[in-house]
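Below is one structure; the comments refer to it alone.
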Amino acid sequence: MSNTITAELSRLVVKAPERTFEIAVPADVPLAELMPSLVHYAAPEGADLDESGLEHGGWVVQRLGADALDEDATPAELGLRDGETLYLRPRREQLPPVHFDDLVDGVAVGMRERADLWRPELTRRLLLGVAAVVLAAGFAALASAHAPLLQTAAAAGTAVLLLLGAAAASRAVGDSAAGTVLGVAVVPYLALAGWLLPTGPEGPELIGARLLAASAAAAGGAVLAVATVAAAAPLFCGLLLVSLLGALTGVLGLTAGLTLAAAAGPVAVLAVLLGAFVPMLSFRLAGLRLPPLPTNAEQLQEGIEPLSSRDVLDRTAIADRYMTGLYAGTGAVCAASLTALSTGGGWPPFALGGVLSLLLVLHGRAMNGAWQRLSAVLPGVYGGVLLMLAGIWEGGTAARCTVLAVSLVAGAALVGAAWSIPGRRLIPYWGRAADLLHSLAAAALIPLVLVDLGVLSALRGLWS
């Protein structure tokens, strides 16, 4: 007898009050939809358990000594195994829980029922995580060396070896997770090789050239990795987006002589604008297409065939993963831009960083996915913390006292919000106020970028 859950059917033994029978049920159908069949087969000759069930609140299915099974879950989700014995009982006469006469046995059962038990899958994930950390340590060791030619050759060679390893893991072994880890590691190693190629006198132009070369190499590495691994396309799309925006930053430094702090503003604005197109782009990347609007009566009969529910749901999940990857990419670019802005001089970079942080936090309200919302909120919070640290670094005692007071007030407000906001329906005025503040922050970005770049000062000088 098999001891694993089958892909389609779960073969169970059901003990009812007056008879015992065996039945094979679909593993992907909720238990509530299977209950009528179980009650029907449990009824003896001439009996109607449906009618008698009204007297005691219906029927439940339970394991021996356990609570009633969740009727909204499927047999696969409940972990029902082939040959397992279940008990069909009146709702008001459920089997009582088992009382242990051996303390050690009871503790062992309790430990086995823990949700956080170590599993073989967790061992696999741990090993892959350690492999990623080891590769990151090797990257740090290579990047900290002071031999450009040797570093470039070693970084490029390591990237090639990682790409071959990713191909072997994903294609030959069939382990897409290991292939993804190795494929992701290709990107920073190629970026390091590209960074070390340009040489020349120190300045914004050299930094721009290096950033452009590194971003171009990273973009190529992301494309090669996703083609080699043939998995985790949303993750590599996010890396590709970061590389392209990094290349734009390099172009601004190489052609216009902008420092990283000055180029961060336009790049952050572009990342925010790209975020508005992420849902539509993810929809297309997932292979979903909306039919065009009809323009005459004949076209009303086109494209009306029903769609496969499973195909639509699967593609919707793929689109959601693409949204997560692309939003993570834009969030990473915004976080890097906020870091660069915090190193700028004068008030424009700090004002731009503050408005951008506020915009990201408010923009997270419109996202339903947990990772997608964190992709917007965390960079915004990070930018706010950077502004506070920059104020401490640049200011004196008065600035430090101000930052302390602001942090205490903000911490108290956040703790109070954690008590009162979750699960509570807010009055519409608060939502409308947040929408207006969101719009004002978005409208203020471009003028602040122009001020940060000195465009407005130059125009004022021309007109004066």
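Note that this note's numbering has the sequence shown beginning at 57, numbered continuously upward. We put the beta carbon where it would ideally sit given N, CA and C, even for glycine.
Separation of Leu-430 and Ala-327 (C-alpha to C-alpha, rounded to the nearest whole angstrom) is 16 angstroms.
One alpha carbon belongs to Arg-345, the other to His-202, and they sit about 52 angstroms apart. DSSP places Pro-204 inside the alpha helix (DSSP H), whose first and last residues are 204-223. Under the DSSP assignment, Arg-366 falls outside any beta strand (DSSP E), being part of the alpha helix (DSSP H) whose first and last residues are 365-397.
Spanning the alpha carbons of Ser-463 and Ala-490 requires a straight line of approximately 21 angstroms. Under the 8 angstroms Cβ criterion, the segment 307-314 does not count as touching the segment 285-292, having fewer than three qualifying pairs. Taking C-beta atoms under 8 angstroms as the contact rule, Leu-248 and Phe-195 qualify, at a distance of about 7 angstroms. Under the three-state reduction of DSSP output, Pro-347 falls in the coil class, being neither helix nor strand. Counted as a single uninterrupted DSSP element, the alpha helix (DSSP H) harbouring Thr-458 occupies residues 453-476. Each of Leu-134, Thr-399, Thr-141 was checked against the Cα of Glu-78, and the nearest Cα belongs to Thr-141. Assigned with DSSP and collapsed to three states, Arg-67 falls in strand. Counting C-beta pairs closer than 8 angstroms gives fewer than three between the segment 369-376 and the segment 266-286, which falls short of the contact rule. Using a Cβ-Cβ distance cut-off of 8 angstroms, the segment 444-454 and the segment 415-425 are not in contact, since fewer than three pairs of beta carbons, one from each stretch, lie closer than that value. The continuous beta strand (DSSP E) containing Ile-79 extends over residues 76-82.
About 6 angstroms separates the beta carbons of Leu-509 and Ala-318, which is inside the 8 angstroms limit, making them a contact pair.
For Val-117, the pairing in a beta bridge is given by DSSP as Leu-144. Ala-124 is bridged by DSSP to Gln-118. In the displayed model, Gly-239 falls within a helix according to three-state DSSP.
Boundaries of the alpha helix (DSSP H) harbouring Phe-333: 316-341, taken from the DSSP string.
At the C-beta level, Leu-198 and Ala-211 come within 9 angstroms of one another.
For the 9 angstroms CB-CB criterion, Arg-180 and Ala-233 form a contact. Val-242 places its beta carbon less than 9 angstroms from that of Ala-215. In this chain, the alpha helix (DSSP H) harbouring Glu-261 covers 260-285.
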